[in-house]
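Participant: Chains W and A are the protein sequences, given in the same order.
The first sequence: position 274 = 273 (numbering that gives the first Met the number 0), numbered continuously.
The second sequence: position 137 = 136 (numbering that gives the first Met the number 0), numbered continuously.
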Amino acid sequence: MRRLIHFVREAVANIRLNRTTTVIAVATTAFTLACFGVFLLLYLNLRAVATSLQSDLKVVVYVKDVTPPSGVSDLQALLKADPGVQALVSVSKEQALADFRAQFPDESHLLQGLGENPLPASFIITLAPSYRSPDAVRHWAERLKSAPGVEQVQYSRDWIDNLNTIVGYLELAAVGIGTVLSAASVTIIASTIRLTLYARRDEIEIMRLIGATGGFIKIPYLIEGAMLGAMGSAVSLAMLRGGFELFNARLGMPGRFLGIDSGVHFFSGQVAAMILVAGLLLGFIGSVVSVLDLGRAKS
Amino acid sequence: MIQIFHVTKHYDRRPALTDVNLQIEKGEFVLLMGPSGAGKTTLLKLLYCATSLDEGQILIQGRNVARLKASAVPYIRRTMGVVFQDFKLLPKKSVYENVALPLLVQGLSAFETRRKVMEALKAVGVEHRKESRPTMLSAGEQQRVCIARSIVNSPIILLADEPTGNMDAQLAREIVELFKTINARGTTVLVATHNRQVIEQVGRRVVTLDQGKVVSDEGKGL
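1) Is the stretch 74-94 of chain A touching the stretch 150-165 of chain A, taking contact as three or more C-beta pairs under 8 Å?
2) Which same chain residues end up closer than 8 Å to W/L239 when comparing Cβ atoms and leaving out the 5 residues on each side of it in sequence?
3) Measuring alpha carbon to alpha carbon, tell me which of A/G26, A/V72, A/L107, A/E54 ends up nearest A/K5.
4) Helix, strand or coil for A/E27, going by three-state DSSP, please let me know.
5) Decide yes or no for the touch test of the stretch 188-198 of chain W against the stretch 18-32 of chain W: beta carbon pairs closer than 8 Å, at least 3 of them.
6) Tell me whether W/K297 sits in a helix, a strand or coil according to DSSP, three-state version.
7) For W/P219, which three-state DSSP category applies?
8) Beta-carbon separation of A/E126 and A/L120 under 7 Å?
9) If you check the beta carbons only, do A/Q2 and A/L58 fall under 7 Å apart?
10) Given a cut-off of 7 Å on the beta-carbon distance, is the pair W/V28 and W/I187 in contact?
11) So W/A211 contacts chain A; which residues on that side make the cut at Cβ distance below 7 Å?
12) From A/V104 to W/M226, what distance separates their C-alpha atoms?
13) Under 7 Å between the Cβ atoms of W/A229 and W/G278?
14) Is any beta-carbon of chain A found at less than 7 Å from that of W/A10?
15) Answer with yes or no whether the minimum CB distance from A/K87 to chain W is below 7 Å.
16) In angstroms, rounded to a whole number, what distance separates the CA positions of W/K217 and W/L293?
17) With distances taken Cα to Cα, identify the nearest neighbour of W/R300 among W/A233, W/Q269, W/E170.
18) Between the stretch 124-133 of chain W and the stretch 76-84 of chain W, do at least 3 Cβ pairs fall closer than 8 Å?
19) Consult DSSP for W/N163 and reduce its assignment to one of helix, strand or coil.
20) Establish whether the CB of W/I216 and some CB of chain A are separated by less than 7 Å.
21) Using 7 Å as the limit for Cβ to Cβ distance, is A/L100 near chain W?
22) Measure the beta-carbon distance from A/P101 to W/G210 and round it to whole angstroms, keeping in mind my assumption that it falls under 8 Å.
23) So, using beta-carbon positions, are W/A135 and W/V288 closer together than 7 Å?
24) Taking DSSP's pairing of strands, which residues face A/F4 in a bridge?
Okay, structure coming up:
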């Protein structure tokens, strides 16, 4: 316990002693982590939007006009029994016409010349979660097309697929940028620790000569690196929060217009904690890199 | 206690020690004499593993220090106290913290550390300066703090490199008296010096080095 207090006290003393380098290291780490954080925010929010859209995915099954009422009932029973169907809404020909008139009051005259109601009856289906992937939807729709009484199966999958593709690319970009920026953070913290080691080389030499082990000498520097990393990630989270609030305030009107105002969220507590831990680990790795040299000398 | 066999050490092909042989018994007080550049500091450095030898063997309590693993070096250093010519005190720590450092490294309890540190500070007469920073002390006081640090963990061997260098005669006498007291408690003491006054005051075994070779070994067994 006494040693642990000594290690932490030494780490804090190092940070205080080298204020300028500490500020530079924390600021640079914060900026690099913030850059990564922006990508992460974008990625997480787009993924949430994509997931939400996927859950809203509706498949419309149009019934052939010639199908007798008993055939429509059979088709409804078939769909209800299908494991891919989570919910089902039946729309009769009359209901379809009423909906059309309600939605397009100016164009309702288009149907008047046709005499008979040309709109087909349909079933609006919400698929079960395991049937919502692009392949599963396609496969399910193909299978249903051959069912008796089915005229057409329609779903608007394409643009959701496109969004998923964008999210996939963002994921790749986040990983790539995250790796590069993590390496930058490690290098920055390693350089800071190296500067500290250089500034305190005489002290380290004295510690060795009085019988301190490598571990005893290195641990305060490892703690210092972890502290710098954690401070950098805390500052980056604060920067991101500020930027996010500003963005939200500016996006207010257009966001509501696009219907995404309630869909954009900041990091959850769990993700924020993970970012803090990631900063701490990066700092720790940076200091491990710089104290490796200390272990090489025998004396 | 200390056995040195055919030790040779070079710095950039220039010989610092050549075929040095020496045996020091437990509890002995040995003065290492010789002019500057004779190899005194190099010999001490070899003993506390601050440098490596080129040829020969050094046994300390039967352990060959030349073959020690890097991880074992700190533990052999803990069995000895070293008084450095330039004191090597940590300027940002208090006198108390400086003296307590070898005990902290060994993981002693706070209570035991306090007891031992105060004992060591009293032994060298600087207990009243325990809160001061080394930079606020005179050279003589700094030397005493350095000695306190070297004896605080009750070492079996005490090595001192020019401990009276740049000190007036009175102060030098006091420092030598301190070493004699430490030696009287059973610690083997090896002091490198070129101060004739120290030799007269100690009156014990004197090993003289010149150009890296042992040229005389007088008063063995005294």
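Heads up, the beta-carbon is just placed ideally off N, CA and C, and yes, glycines get one too.
Facilitator: This is what the structure gives:
1) yes
2) A33, G36, V37, L40, F265, F266
3) In the sequence on display, residue 5 of chain A carries His and not Lys. It is A/E54 whose Cα lies nearest to the Cα of A/H5.
4) coil
5) yes
6) Low confidence applies to W/K297: its pLDDT is 42, below 50, so where it sits in the model is not reliable, and the reading given next is rough at best. It is coil, neither helix nor strand.
7) helix
8) yes
9) yes
10) Looking at the sequence provided, one finds Thr at residue 28 of chain W rather than Val. Yes. Within cutoff.
11) P73, V104
12) 23 Å
13) yes
14) no
15) yes
16) 8 Å
17) The structure shown does not extend to residue 300 of chain W, since chain W is modelled only from 0 through 298, so no value can be given for it.
18) yes
19) helix
20) no
21) yes
22) 6 Å
23) no
24) A/Q56
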